[in-house]
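Numbering (our numbering), first residue to last: 3 to 89.
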């Protein structure tokens, strides 16, 4: 018996990696970066979203992107939140 090299993937494995795993990892990473760049969320909701995204990488990222407000709405909420903290 010969041990196979750790990175010796078959053709089907390369296709799976390229078509499914890499895009999911990119979307997962973008969801986390986007979450932490939002200024309209407090720490509690941000941590809850992070937990959802980390526990369910594919489904959590899709749900996050579907439920997050539009960038204009995020900006409006962030401005309102900043005004609220000034008073």
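Quick reminder that beta carbons are idealized off the backbone N, C-alpha and C, glycines included. On a predicted model such as this, the values are computed, not experimentally measured, just so you know.
{"Query": "So the candidates are 35, 10 and 16; which of them puts its Cα closest to the Cα of residue 67?", "Result": "35"}
{"Query": "Out of curiosity, what's the CA-to-CA distance linking residue 13 and residue 21?", "Result": "12 angstroms"}
{"Query": "Rounded to a whole number of angstroms, what is the C-alpha to C-alpha distance between residue 16 and residue 23?", "Result": "10 angstroms"}
{"Query": "Indicate whether residue 41 and residue 80 have their beta-carbon atoms separated by less than 7 angstroms.", "Result": "yes"}
{"Query": "Figure out for me which residue from 55, 88, 44 and 69 has the closest Cα to the Cα of residue 28.", "Result": "55"}
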